[in-house]
Structures are given as C-alpha cells and as structure tokens.
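Asks: One structure follows; several queries about it will come next.
Now the structure itself:
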C-alpha cells in the first residue's frame, strides 16, 4: 500500500482531508469488502425476494474495536454493543497483581473477565512485563544485583496472568522495549517470550511500543522496531503480532500509513492497541480520530484497534475521551458512529432469473432474510471472510472453503 505523497501536517489542512479520505475509501473497498452471490436451489428461487442482507451487530465491522474496562460495569450494555473486544488497563499488570511480594491479587481481573463473559466480549491480555522504572514494584528493585533471584521471580510471573483466571486469555501483549538497552536484557526479553509460549502455546504474543506510528521519536522508528523484532526472533521468541500503542496528537495520515507499510513487511498482524487522541477541542479530536481509524481500516495488515478508554473521567489522558453515544452527541460521537455505519453493509432486492442475488459487502457476519412468492420467510446466517477463498454454503449444510480460488472470484453462498 503506497503512501508516497506530499505530507501535509494536521487533519484539518485545507483541501487535504477530503481528498485523502476519498482515496482511503477506495482502498478500504478493496481491502475490507468482497463481491457476494447468494444463490438458491429451491423450487421457488425465481421471484424470491431478499428482504434484507445486513451485517449483524458489531461483528459486521470486522475491525475489532476494543474498550478498556476500568471498573466492573463501567461500560453498560448499550456501549458494549458497539465494541468487539475488551482490554484491562492495569488489572493484569504485575504491579497490580503482586504489589507486595507473594501477595497475589487476581480478584479484580477475574471480576472484569466475568463481566466480559456476560457481555460476550473476548479479552486481550495486557501485559505480562512492563519494565518502565515507575511501573516496577519496589520489592523487585530491592532484589538488586542478585540475578538468580531476579530470574526466579520473572519466570514465576510468566504463567500467572492467565492461570488464576480459570480460562486462557487469547492474546497477550508483551512490552519489551524498556528491557532492551543492552544485550543481556535482550536475551532476557527473548527468554520471556519463549517461556510464555511454552506455558501457553495457543497464546499469540505481541510486542507493543509507542510513538512508532507518529514519526516524532528518533528512538521509535519503524526500522528500529523491526530490528527489535528480528532480534527477538533470533533469540527464539515467537512474536505473534505487532502492537502500535496509538497515543497520538495531531496525527498525519500519510505518516501513519508509511509506518504501517514498513511494518507490514514483517508479515505479522498489526493492531493499534491503545488508541486515544490528546486534543482539548472536541471537533478537532473527532477529526484526528477519524484520520487514525481510516488509515487503519484501509490498510490490509491491520487486524484490530483497541480504544484506550471511552468514558470521560476514567481515561489515562485528560483530553482523550473516546466517542460514545449520548442524548446530545458530541462532535466526535457523530464522527465515530458515522464511520461504523459507513463500514457496515445492507442490501435488499429480488433474486434474478437464475435465482441469484448479488451484492458487495464488508467482511463480517450477516443475516439474510428471504421471502418466497407465497410469503414464507427464511433466515440464514453467513460470514464473509477475507482471503483467497470462495465460500459455498448449501441449504442445510455447513459452509465449506475452497482455498484454491483466487481473490477475484466472488464469494458464492447457496441457501
């Protein structure tokens, strides 16, 4: 995905955003949508009416957007309906779960996980290790130069984020950058990855770093991040994905796209893991958030976006409130919900003479409602996936995938 063009600073530069957004809409159509043919072999197929083909719930967007739950019940059912994933800001971090040596606290995380289970939201882990000095417990610092004792407590920590919670956490993020200034620490970071993978082979372990997408930090360039990942891999680390934190201010779309292009060469899924926008003005914040979301959704390497909080007063950044629905929406609210509507697909019409109905839709889960000429209704769910496959579903039979089909062939579903 080529982003080589003149970079204009700021989302509100005159004449810039409309042209860029139009280009991103075209790229999004290619990256996130497929042609679909619904075909019926039933006797009444000719003249049958497709009353509705629509994305079902939040899954229709298919760019997983998560919420940070900072207290039990912090997001009510209406808010959670618009989000596909959850992440805990602090409750799985080491300084929270073992503030004092040997005194473990997983009760907070367990209650949050129960809440997410009831809401039907999968949870991403965050995070196994974070070695920023202010986030390291004093009892760990007091170990001092006793390397054997330090290694012992580190290895004891690895399995704990998932095991006390009675169930696995599907994707754990690991923030190695502060651990890596010197070669011995790089060795330890790779060891952390290897040990986590040994204990939970099904977990997808991410690196997670900040400022990489902004081009404002010479120590956090895409090239340095890629070198870090290569170094971890040489040490035997099974790096499963790339996290870009996304704590942005005045984001520039082409800069973000350029960083994504470079990181995509690693052939790993990319997630924006902690998205928030620091801006006092609500309208400008909405514009900046749209810049990031459109660049992410238009890029084929990006598989998900996590918002780093959505509730005013419960955010890491004072002026970073993510949009949420209210009786009187704020400017950013309208922008986000407009995007969600734009990125969901709905169609209706009649089957043609061959008993087919064609439309182009976003990847996601759908429900089709069919009506026979006699007025009988039938509902059927199906999924449009990305990839090089033609999907076929016959009435009463499970969906099967033919992986030999090129992407140019539309998805055929027999109902």
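Residue numbers (UniProt numbering): 1 to 415. We put the beta carbon where it would ideally sit given N, CA and C, even for glycine. If you're wondering where the values come from, they're calculated on a predicted model, not measured in any experiment.
#1: In the DSSP output, what is residue 270 paired with across the bridge?
#2: Tell me which same chain residues have a C-beta within less than 7 Å of the C-beta of residue 20, skipping the five on either side of it?
#3: Measuring alpha carbon to alpha carbon, tell me which residue in 85, 140, 133 is nearest residue 115.
#4: Return helix, strand or coil for residue 35, following the three-state DSSP convention.
#5: Quick one: using the 10 Å Cβ neighbour count with 16 as the cut-off for buried, is residue 296 buried or exposed?
#6: Which residue's Cα is closest to the Cα of residue 339: 384, 375, 289?
#7: Comparing C-alpha positions only, which one of 264, 349, 309 sits nearest to residue 369?
#8: Helix, strand or coil, according to DSSP, for residue 440 in the structure here?
#9: Figure out for me which residue from 200, 235, 245 has the closest Cα to the Cα of residue 220.
#10: Mind checking who residue 378 pairs with in its DSSP beta bridge?
#11: Closest by CA to residue 203, which one among 209, 194, 211, 210?
#12: When the distance is taken between beta carbons, is residue 270 closer than 8 Å to residue 303?
#13: Would you give the residue range spanned by the alpha helix (DSSP H) that residue 347 belongs to?
#14: How long is the line joining the alpha carbons of residue 156 and residue 188, rounded to whole angstroms?
#15: Looking at residue 292 and residue 251, is the spacing between their C-beta atoms short of 8 Å?
#16: Taking all protein chains shown into account, do 16 or more other C-beta atoms lie within 10 angstroms of the C-beta of residue 30, making it buried, or fewer, making it exposed?
#17: Closest Cβ-Cβ distance between residue 250 and chain B: below 8 Å?
#18: Would you mind listing the alpha helix (DSSP H) stretches within the segment 272-297 that are 4+ residues and don't spill past its ends, in chain order?
#19: With the cut-off set at 8 Å, would you say residue 158 and residue 192 are in Cβ contact?
#20: Rounded to a whole number of angstroms, what is the C-alpha to C-alpha distance between residue 309 and residue 374?
#21: In this structure, does DSSP put residue 143 in helix, strand or coil?
#22: What do you reckon, are the CB atoms on residue 255 and residue 214 nearer than 8 Å?
#23: Under the three-state reduction of DSSP, which class applies to residue 155: helix, strand or coil?
#24: Taking all protein chains shown into account, decide if residue 18 is buried (16 or more other Cβ within 10 angstroms of its Cβ) or exposed.
#25: Use the C-beta contact count for residue 34: other C-beta atoms within 10 angstroms, 16 or more gives buried, fewer gives exposed.
#26: Whole angstroms are fine: how far does the CA of residue 225 sit from the CA of residue 299?
#27: From this set, 386, 228, 354, 362, which residue's C-alpha is nearest residue 345's C-alpha?
#28: Mind checking residue 263: buried by the 16 CB within 10 Å criterion, or exposed?
#29: Rounded to the nearest angstrom, how far is the Cβ of residue 266 from that of residue 40, given a contact under 8 Å?
#30: How big is the Cα-Cα spacing for residue 227 and residue 218?
#31: When the Cα of residue 385 is compared with those of 283, 117, 32, which residue comes out closest?
#32: With which residues is residue 384 paired in a DSSP beta bridge?
#33: Does the Cβ of residue 103 have 16 or more other Cβ atoms within 10 Å, making it buried, or fewer, making it exposed?
#34: Compare the C-alpha of residue 317 against each of 248, 341, 367, 381 and name the closest.
#35: Which residue's Cα is closest to the Cα of residue 268: 280, 301, 121?
#36: To the nearest angstrom, report how far apart residue 347 and residue 371 are at their CA atoms.
Replies: By the coordinates alone:
#1: What you label residue 270 is simply residue 270 of the chain shown in a count that begins at 1. Answer is 242, 302, bridged to residue 270.
#2: Counted from its first residue, the chain shown places residue 20 at position 20. Contacts found: 253.
#3: For this step, residue 115 is matched to residue 115 along the chain shown. Cα-wise, what sits closest to residue 115 is 85.
#4: In the chain shown, counting from the first residue as 1, residue 35 sits at position 35. Reduced to three states, the DSSP call for residue 35 is strand.
#5: By 1-based counting over the chain shown, the position of residue 296 is 296. Under this definition residue 296 is a buried residue.
#6: The sequence position of residue 339 within the chain shown is 339, counting from 1. Measuring from the Cα of residue 339, the nearest candidate turns out to be 289.
#7: In the chain shown, residue 369 corresponds to position 369, counting from 1. When each option's Cα is compared against that of residue 369, the closest is 349.
#8: The requested residue 440 does not occur in the structure, where the chain is confined to residues 1 to 415.
#9: Taking the chain shown and counting its residues from 1, one reaches residue 220 at position 220. Cα-wise, what sits closest to residue 220 is 245.
#10: Taking the chain shown and counting its residues from 1, the one referred to as residue 378 is at position 378. Residue 378 pairs with 370.
#11: The residue labelled residue 203 in the question sits at position 203 within the chain shown. Here the closest residue by C-alpha is 194.
#12: Mapped onto the chain shown, residue 303 falls at position 303. Mapped onto the chain shown, residue 270 falls at position 270. Yes, the pair counts as a contact, with Cβ atoms nearer than the cut-off.
#13: Working through the chain shown from its first residue, we reach residue 347 at position 347. Per DSSP, residue 347 belongs to no alpha helix (DSSP H); it is in the beta strand (DSSP E), 346-350.
#14: Here residue 156 is taken as the residue at index 156 of the chain shown, counted from 1. Here residue 188 is taken as the residue at index 188 of the chain shown, counted from 1. C-alpha separation (whole angstroms): 14 Å.
#15: Residue 251 sits at position 251 when you count from the first residue of the chain shown. Residue 292 sits at position 292 when you count from the first residue of the chain shown. Cβ atoms of residue 251 and residue 292: closer than 8 Å.
#16: As a working note, residue 30 is residue 30 in the chain shown. Exposed.
#17: Reference to chain B is not applicable here, since this structure consists of a single protein chain.
#18: 282-297
#19: In the chain shown, the residue the question calls residue 158 occupies position 158. In the chain shown, the residue the question calls residue 192 occupies position 192. Yes.
#20: On the chain shown, residue 309 is found 309 positions in, with the first residue counted as 1. On the chain shown, residue 374 is found 374 positions in, with the first residue counted as 1. Spanning the two alpha carbons is a distance of roughly 50 Å.
#21: If you number the chain shown from 1, residue 143 lands on position 143. It is coil, neither helix nor strand.
#22: Working through the chain shown from its first residue, we reach residue 255 at position 255. Working through the chain shown from its first residue, we reach residue 214 at position 214. Closer than 8 Å, so yes.
#23: Counted from its first residue, the chain shown places residue 155 at position 155. Residue 155 falls in the helix class under three-state DSSP.
#24: On the chain shown, residue 18 is found 18 positions in, with the first residue counted as 1. Exposed: under 16 other Cβ atoms inside 10 Å.
#25: Locating residue 34 in the chain shown gives position 34, where the first residue counts as 1. Its Cβ being crowded by 16 or more others within 10 Å, residue 34 is buried.
#26: For the purposes of this step, residue 299 is taken as residue 299 along the chain shown, with counting starting at 1. For the purposes of this step, residue 225 is taken as residue 225 along the chain shown, with counting starting at 1. When rounded, the distance between both Cα atoms is 19 Å.
#27: For this step, residue 345 is matched to residue 345 along the chain shown. Cα-wise, what sits closest to residue 345 is 362.
#28: As a working note, residue 263 is residue 263 in the chain shown. That one is buried.
#29: By 1-based counting over the chain shown, the position of residue 266 is 266. By 1-based counting over the chain shown, the position of residue 40 is 40. Wrong, their Cβ atoms sit about 44 Å apart, outside the cutoff.
#30: Start at 1 with the first residue of the chain shown, and residue 227 comes out as number 227. Start at 1 with the first residue of the chain shown, and residue 218 comes out as number 218. Computed Cα separation, rounded: 14 Å.
#31: Walking along the chain shown from the start, residue 385 turns up at place 385. Among 283, 117, 32, the Cα nearest to that of residue 385 is on 32.
#32: Residue mapping note: residue 384 aligns to position 384 of the chain shown, counting from 1. For residue 384, which the question treats as bridged, DSSP gives the partners 364.
#33: Position 103 of the chain shown, counted from the start, is the residue given in the question as residue 103. Counting Cβ neighbours within 10 Å, residue 103 comes out exposed, since fewer than 16 surround it.
#34: Translated into positions along the chain shown, residue 317 becomes position 317. The shortest Cα separation from residue 317 among 248, 341, 367, 381 belongs to 248.
#35: Walking along the chain shown from the start, residue 268 turns up at place 268. Residue 268 has its Cα closest to that of 301, out of 280, 301, 121.
#36: What you label residue 347 is simply residue 347 of the chain shown in a count that begins at 1. What you label residue 371 is simply residue 371 of the chain shown in a count that begins at 1. Those two C-alpha atoms are separated by around 14 Å.
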